[in-house]
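Colleague: For the first sequence, numbering that gives the first Met the number 0 assigns the number 0 to the initial residue and increments by one for each residue that follows.
All C-beta atoms in this analysis are idealised placements derived from N, C-alpha and C, irrespective of residue type, glycine included.
Just so we're clear, the structure is a prediction, and the values are computed from it rather than from any experiment.
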Amino acid sequence: MRLSRYFLPILRDNPKEAEIASHRLMLRAGMIRQEAAGIYSWLPLGLRTLDKVSKIVREEQDRAGAIEILMPTLQPADLWRESGRYEAYGKEMLRIKDRHERDILYGPTNEEMVTGIFRSAVKSYRDLPLNLYHIQWKFRDEVRPRFGVMRGREFLMKDAYSFDLDRAGAEHSYAKMFASYLRTFARLGLKAIPMRADTGPIGGDLSHEFLILASTGESEVFCHRAYLDLPTPGEDVAFDDPVAMRDLMKRWTSLYAATSEMHDKAAFEAIPEADRVSARGIEVGHIFYFGTKYSEPMKATVTGPDGKETPVHGGSYGIGPSRVVAAAIEASHDEAGIVWPKAIAPFDVGLIDLRPGDGATGEACARLERELAAAGFDTLLDDRDERPGAKFATMDLIGLPTHVIVGPKGIAEGKVEVKDRRTGAKESLPVDAVVARLRADH
RNA sequence: CGGGGCGUAGCGCAGUCUGGUAGCGCGGAAGUUUUGGGUACUUCAGGUCGCAGGUUCAAAUCCUGCCGCCCCGACCA
Numbered sequence: 000m001r002l003s004r005y006f007l008p009i010l011r012d013n014p015k016e017a018e019i020a021s022h023r024l025m026l027r028a029g030m031i032r033q034e035a036a037g038i039y040s041w042l043p044l045g046l047r048t049l050d051k052v053s054k055i056v057r058e059e060q061d062r063a064g065a066i067e068i069l070m071p072t073l074q075p076a077d078l079w080r081e082s083g084r085y086e087a088y089g090k091e092m093l094r095i096k097d098r099h100e101r102d103i104l105y106g107p108t109n110e111e112m113v114t115g116i117f118r119s120a121v122k123s124y125r126d127l128p129l130n131l132y133h134i135q136w137k138f139r140d141e142v143r144p145r146f147g148v149m150r151g152r153e154f155l156m157k158d159a160y161s162f163d164l165d166r167a168g169a170e171h172s173y174a175k176m177f178a179s180y181l182r183t184f185a186r187l188g189l190k191a192i193p194m195r196a197d198t199g200p201i202g203g204d205l206s207h208e209f210l211i212l213a214s215t216g217e218s219e220v221f222c223h224r225a226y227l228d229l230p231t232p233g234e235d236v237a238f239d240d241p242v243a244m245r246d247l248m249k250r251w252t253s254l255y256a257a258t259s260e261m262h263d264k265a266a267f268e269a270i271p272e273a274d275r276v277s278a279r280g281i282e283v284g285h286i287f288y289f290g291t292k293y294s295e296p297m298k299a300t301v302t303g304p305d306g307k308e309t310p311v312h313g314g315s316y317g318i319g320p321s322r323v324v325a326a327a328i329e330a331s332h333d334e335a336g337i338v339w340p341k342a343i344a345p346f347d348v349g350l351i352d353l354r355p356g357d358g359a360t361g362e363a364c365a366r367l368e369r370e371l372a373a374a375g376f377d378t379l380l381d382d383r384d385e386r387p388g389a390k391f392a393t394m395d396l397i398g399l400p401t402h403v404i405v406g407p408k409g410i411a412e413g414k415v416e417v418k419d420r421r422t423g424a425k426e427s428l429p430v431d432a433v434v435a436r437l438r439a440d441h
């Protein structure tokens, strides 16, 4: 992509409404534009990042055996009357009437709808377990939206819903999602720690939040230092083995980890002082087991092996990709701008032509662009007629992991400079060697 | 929902107290200059001063009402 032909509305000044780093940097880097309180348009750079996050989330859901569907944003109120939540949900739920004066709502979550889908099609225990998920926009009419897309009213959420015959099956499904989340956040380049959580209005008695540590996080977290080094389950993790899953969850939940709401000071202080981590965190995922809370009132039943009809046991599992984008920035930025984890950077490489119009640098850039594309790297080429300083500042702001700087001085000797955004380390390399260097890094 | 604050050019702000032809910086356009960390200069374009009503010879400025946005708290993926 050539920056001169792209749509990247960079802001030089800090927008006054943005206080926290991710909000400020997302606005400055031209990733988002606010439309109303808690409602944002995603501009090209932001959308690319959001899509990269969603892609990884999707791959890991699929790997764990969940099956993707897509439910609408608007839902009929009657479905929610069945579960009793139409009345229970409160003002956070955006209620609308259509032209026929029928009550509809903009979905804040999808337990009711997915239960409706399930019950219409699944009648036998032989079709279980089943886990359906989608990645769709949600709306929760928060009293006070804030911090940009971190706590918006409209947000993108991956929500998965599991259906099992009994509690044991549901616990296995829960553990699969637990393992899947560990893999997902690790792949996103984030250190996420599972913490036992309150189940809130969704209900149920088994629930974990996944928090990533960031100094600007909204909640206080306390955990054992060992969590920081626990190995992430590999690609070959045995999702279908209930025993392996139970052991994995045990490993990840036996040490102390809690947010301030669930914090037990005495238990925390029982940990040797050197192993105590007290930090701030951002919730990026939340999983629940809620048993028959929806299946009973909504009559989502299957015939069991004993020939009896029985309500299915459910769980729901959420990750907010739009929040993950902001959280990643909170966890990784510096004075100059964003420092993207490689996996979710909007482009892999920022190629800077220091003197566009000059034949030699332009030619070298065109060649690098081609070769990088062939090697599978997304490249953003800054070919604007700007001062070098402005280009460096822009590239640092948008935080692409690797910068390749092509200037007339270097190119006269056939060399370009490769800069690592995170460390700032620069290395002068022959043009030929760039792709190999990038391959080694990514 | 309680408390606080802010709405003036695309962005950041001054002007409001004390009413009198709407300004500055950045950004944009044209040009000159410069060319490895946001260059300098010249010229130009760009504003229903959030909206509505009121007071006045005269309102960005004073009064009333409304709307929008942000921050702190309570609440939440």
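Could you tell me the alpha carbon to alpha carbon distance between R98 and M70, rounded to whole angstroms?
Modeller: 22 angstroms
Colleague: May I have the straight-line CA-CA distance separating V156 from I410, to the nearest angstrom?
Modeller: Before going further, note that residue 156 is Met rather than Val in the sequence given. Near 46 angstroms, if we compare the C-alpha coordinates of I410 and M156.
Colleague: How about V348 and T291: do their beta carbons lie closer than 7 angstroms?
Modeller: no
Colleague: Report the residue from A269, A278 and I192 whose alpha carbon sits nearest the alpha carbon of I286.
Modeller: I192
Colleague: Any contact between the stretch 357-373 and the stretch 232-246? By contact I mean 3 or more CB pairs, one from each, below 8 angstroms.
Modeller: Contact between the stretch 357-373 and the stretch 232-246 is absent, because fewer than three Cβ pairs lie under 8 angstroms.
Colleague: Look at I19 and T215 and say whether their C-beta atoms are less than 7 angstroms apart.
Modeller: yes
Colleague: Can you tell me where the alpha helix (DSSP H) with A265 in it begins and where it stops?
Modeller: K264 to E268
Colleague: Could you check the C-alpha separation between V338 and M394 for me, to the nearest Å?
Modeller: 10 angstroms
Colleague: So, under 8 angstroms CB-CB, R47 and Y39 are touching, yes? Tell me the CB distance rounded to an integer number of Å.
Modeller: No, R47 and Y39 are not in contact; Cβ-Cβ is about 15 angstroms, not under 8 angstroms.
Colleague: Once DSSP output is grouped into helix, strand and coil, what is the label at D246?
Modeller: helix
Colleague: Any idea if D228 is buried or exposed, counting beta-carbon neighbours within 10 angstroms, 16 or more meaning buried?
Modeller: exposed
Colleague: Scan the stretch 374-402 and note each continuous alpha helix (DSSP H) run of 4 residues or more that stays entirely inside, going in chain order.
Modeller: 387-397
Colleague: In the DSSP assignment, what residue or residues form a beta bridge with W136?
Modeller: L155
Colleague: Going straight from the alpha carbon of R143 to that of G303, what length do you get?
Modeller: 46 angstroms
Colleague: Hey, out of M297, S331, L210 and R94, whose CA is closest to G317's CA?
Modeller: L210
Colleague: Entirely within the stretch 321-381 and at least 4 residues each: give me those alpha helix (DSSP H) ranges in chain order.
Modeller: 358-373
Colleague: So, at 6 angstroms on beta carbons, what are the nonlocal neighbours of W251 in its own chain, with the 5 sequence-adjacent residues on each side left out?
Modeller: Counting only Cβ-Cβ distances below 6 angstroms, and skipping sequence neighbours, we find P193.
Colleague: Can we say the stretch 272-285 touches the stretch 180-192, given the rule of at least three CB pairs closer than 8 angstroms?
Modeller: yes
Colleague: Suppose you measure from the CA of V433 to the CA of E412; what does that come to, to the nearest Å?
Modeller: Within the model, the alpha-carbon separation for V433 versus E412 is close to 15 angstroms.
Colleague: Let me check one thing: in DSSP terms, what residues is P485 bridge-paired to?
Modeller: Any question about residue 485 goes unanswered here, given that the chain covers just 0 to 441.
Colleague: When we look at the beta-carbon of D77 and count the other beta-carbons within 10 Å, is it buried (16 or more) or exposed?
Modeller: exposed
Colleague: Under a three-way DSSP split, which group does K408 fall into?
Modeller: Here DSSP, grouped into helix, strand and coil, assigns K408 to helix.
Colleague: Please go through the same chain and pick out, in chain order, the residues whose beta-carbon is closer than 6 angstroms to the beta-carbon of F146, but skip the five residues on each side of it.
Modeller: I19 and H22
Colleague: Among Y173, A392, A87 and L7, which has the Cα closest to the Cα of A63?
Modeller: Y173
Colleague: Going by DSSP, what residues sit across from M92 in a beta bridge?
Modeller: Looking at the DSSP assignment, M92 forms no beta bridge with any residue, so it has no partner.
Colleague: Under the three-state reduction of DSSP, which class applies to P193: helix, strand or coil?
Modeller: strand
Colleague: M25 and L42 - do their beta-carbons sit closer together than 7 angstroms?
Modeller: no
Colleague: Assess, as a yes-or-no matter, whether the stretch 216-225 is touched by the stretch 254-268 under the definition of 3 or more beta carbon pairs within less than 8 angstroms.
Modeller: yes
Colleague: Are there 16 or more other CB atoms within 10 angstroms of the CB of R139, so buried, or fewer, so exposed?
Modeller: R139 is buried by the Cβ-count criterion.
Colleague: Mind checking E110: buried by the 16 CB within 10 Å criterion, or exposed?
Modeller: buried
Colleague: For L254, which of helix, strand or coil comes out of DSSP?
Modeller: coil
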